[in-house]
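In terms of this note's numbering, the sequence shown opens at residue -7 and continues consecutively. We treat Cβ as the ideally placed atom computed from N, Cα and C, and that holds for glycine. As the structure is a computational prediction, the values presented were derived from the model and not from experiment.
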Amino acid sequence: MEFETIIGLEIHAELSTKSKMFCGCSTEFGGEPNTRTCPVCLGHPGTLPVANRKAIEYTILLGLALNCEIARRSLFHRKNYFYPDMPKNYQISQYDIPLSKNGFLEIDMGDYKRKVGITRVHLEEDTGKSIHVGESGRIHGAGRSLEDFNRAGIPLVEIVTEPDLRTPEEARNFMIELRAMLEYLGISDCKMEEGSLRCDANISIAVDGVQGTKVEIKNMNSFRALQRALSFEEKRQKEIIIGGGKIPQETRHWDEAAGVTHTLRMKEEAFDYRYFPEPDLVPLEPDPQIVEELQKSLPETPGQRLDRFIRKYGLPKDTARVLVYDKKLGDFYEEAVAKGGNPVAIAKWLAGDFVGLLNEFSIKVENSPIGPHGISELILLVERGVISGRMAKDVLKEAFQSGESPAQIVSRKGLSQIADSEEIALIVERVVDDNPQAVRDFLEGKEQALKFLMGQVMKLSRGKANPTMASEKLRELLEKRQ
Ligand code: ZN
Ligand code: MN
């Protein structure tokens, strides 16, 4: 049997408008429960929705960025179902005539690219949030549930992909690409931990080219969880097929702690929702001139910026990716380059030590104690030979802790590397005298011995020896002994 994994995604992203989709309530996250509500988003009888213009523009902008066709005429529909977090008992959504459809997004997998079809991008409203009071925090076993409607009515874009993804890694990369796109467009804050970006997946296994049954998976709260859940599900389905079993069509729940999926409910069909056009809203007919203006206003996409970073600054792809797929880090990088210093060196320091320190101290780029100017200063200190790369690592860490600039730290601590050739010669001679075995190894052709000896030089000089000068001196001395 030949297996092929078929994956599609359904993504919801809250739009970062100031007010909700159909009323004037604030969309700000948090707040006392049920304080950011009004009769419209609480679904009181007799209230009328008014569509948020900004949310419509954002959705069109995203549609354009994802190479979609923008509808000349689009409708809102009611999606009817009962759930406590939805006071109207229907969600205003879009059904057969979404704002945009038939697009694509290309993802880079390193050694190949995958073009992923975008079925549709539509606009709808978010639901409220249920808080299940009990030990597990889940509905099962909860004593009671509370409802917070602050989130109800926040504009939500839904993005549905074609089943074009072939591996769990591709699904994860797609989400990285899409999140970056939303960030670059500035239309969503994409905080998975606050639920402003959510992703469900469907997965099936085709056997010898014959389509399999699609299973939907929910409750993945990070990109890593998405990849794990899909890998688990891929294996589970293959095992059932190999054992001669059938895959039922269902929705499964990802249990992050246990690392498994389990049945949530058997899949409902679209007709279960009794979709019908929303009678309280007029059809959406975006002015072609506005669509054209939005098209012209599209910013550089993450993919374009990646190409530019590689071309313009000569960055290796992996390094460029780290900078580009976090927009703020990419902005930080360009500011640092503008202040001076070798662009490749700046990129390597940012993608390496700098990101490491941000993680270590749990700080976001925008709150970094050392700004683009400071990074540029640090790299220039290294380039001018004032401090070594080894010393720069410590200086950077110190800057994170004290908030001082690299130059201040260097002068306060009297740091500067030993670039005096006599002084270096003395240190190197001592290392050679103290390590006769390593010297013999080197003379017998073992190149690693040189690394060891260099390590000793750095150790003896407490990291201060200029590495280039020291290694030249070391070779010179060893050749004399030959
Ligand atoms: Zn409201
Ligand atoms: Mn939806």
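Option nearest Q219 by Cα separation, candidates S92, R190, E161, G236: The alpha carbon of Q219 has as its nearest neighbour, out of S92, R190, E161, G236, the alpha carbon of E161.
Spatial neighbours of K210 in its chain, beta-carbon cut-off 8 Å, leaving aside the 5 residues before and after: D192, T243, R244, H245, W246, L256.
Euclidean distance between Cα positions of A144 and S223: C-alpha of A144 to C-alpha of S223: approximately 33 Å in a straight line.
Local conformation of E242 per DSSP, three classes: Here E242 carries a strand assignment [DSSP, helix/strand/coil].
Residues of its chain near E98, where Cβ-Cβ distance is below 6 Å and the 5 sequence neighbours each way are ignored: Around E98: K105, K107.
CA-to-CA distance, S354 to N142, given in whole angstroms: Approximately 28 Å, taken between the alpha carbons.
Residue from V274, N165, D425 whose Cα sits closest to the Cα of N44: Comparing Cα-Cα distances from N44 to each of V274, N165, D425, the minimum goes to V274.
Best match in I302, A462, Y50 for proximity to G377 [C-alpha to C-alpha]: Among I302, A462, Y50, the Cα nearest to that of G377 belongs to A462.
I367 beta carbon less than 8 Å from that of A328: A contact, by the Cβ cut-off of 8 Å.
The alpha helix (DSSP H) enclosing I131, as first and last residue numbers: Careful: I131 lies outside any alpha helix (DSSP H) and carries neither H nor E.
Residues whose Cβ lies closer than 7 Å to any heavy atom of ligand 2, in chain order: After applying the 7 Å Cβ criterion, the set is H4, S85, E116, L148, E150.
Cutoff 6 Å; reference K121; Cβ partners in own chain excluding five residues on either side: Non-local beta-carbon contacts of K121 in its own chain, meaning distances under 6 Å to residues more than five positions away in sequence, involve D140, R143 in chain order.
Chain C within 8 Å of R228, Cβ atoms only: Among the protein chains of the structure shown there is no chain C, as only one such chain exists.
Residue interval of the beta strand (DSSP E) (run including Y82): Per DSSP, Y82 is one residue of the beta strand (DSSP E) stretching across 82 to 85.
Distance between G306 and V336 (C-alpha atoms, nearest Å): Cα-Cα distance, rounded: 7 Å.
Supposed contact pair A57 and M173 - C-beta distance, whole angstroms, cut 8 Å: The Cβ separation is near 6 Å, so the contact holds.
E369 burial status per 10 Å Cβ neighbour count (16 or more: buried): That one is buried.
Distance, E421 Cα to L170 Cα: Distance between the alpha carbons of L170 and E421 is about 57 Å.
Bridge partner(s) assigned by DSSP for M212: The partner list for M212 (beta bridge, DSSP) reads C191.
Contact under 8 Å by Cβ, T9 with A47: For T9 and A47, yes; Cβs fall inside 8 Å.
Ligand 1 heavy atom lying under 7 Å from the CB of T29: Yes.
Exposure label - S66; buried when at least 16 CB within 10 Å: Taking every protein chain shown into account, the CB of S66 has 16 or more other CB atoms within 10 angstroms, so this residue is buried.
Which listed residue (I197, Y317, E6) has its alpha carbon closest to that of I168: Looking at the Cα atoms, Y317 is the closest of the given residues.
Pair within 8 Å by beta-carbon distance, R297 and G322: Yes.
Cα-Cα separation between K438 and R467, rounded to whole angstroms: A direct Cα-to-Cα measurement between K438 and R467 gives close to 13 Å.
Whole-number beta carbon distance between T153 and L1, since they are thought to touch under 8 Å: Right, their Cβ atoms sit about 5 Å apart.
Close-in-space but distant-in-sequence residues of the same chain around G295 (CB under 8 Å, 5 per side omitted): Once the five neighbours on either side are set aside, the close Cβ partners of G295 are E98, D100, E169.
Residue(s) in a DSSP beta bridge with L170: Paired residues: none, contrary to the question.
Range of the contiguous beta strand (DSSP E) that encloses A5: DSSP places A5 inside the beta strand (DSSP E), whose first and last residues are -5 to 6.
Counted within 10 angstroms of its Cβ, other Cβ atoms place Q258 as buried (16 or more) or exposed: Here residue 258 turns out to be Met, not Gln, going by the sequence shown. Note on M258: under 16 other CB atoms within 10 angstroms of its CB, so exposed under the neighbour-count rule.
Entirely enclosed beta strand (DSSP E) segments - the segment 246 to 332, minimum 3 residues: Those beta strand (DSSP E) runs which fall completely within the segment 246 to 332 and span 3+ residues are 252 to 258.
Sequence-distant residues of its chain with Cβ nearer than 8 Å to G22 (five each side left out): The residues are N142.
Distance between P147 and G187 (C-alpha atoms, nearest Å): Approximately 13 Å, taken between the alpha carbons.
Alpha helix (DSSP H) runs wholly inside the segment 396 to 425, at least 4 long, in chain order: Taken in chain order, the complete alpha helix (DSSP H) segments of 4 residues or longer contained in the segment 396 to 425 are 398 to 404.
Nearest-angstrom Cβ-Cβ length linking A391 and I401, presumed shorter than 8 Å: Indeed they touch by this definition, with Cβ atoms about 6 Å apart.
Simplified DSSP state of P147, which is helix, strand or coil: The answer is strand: DSSP assigns P147 an E or B state.
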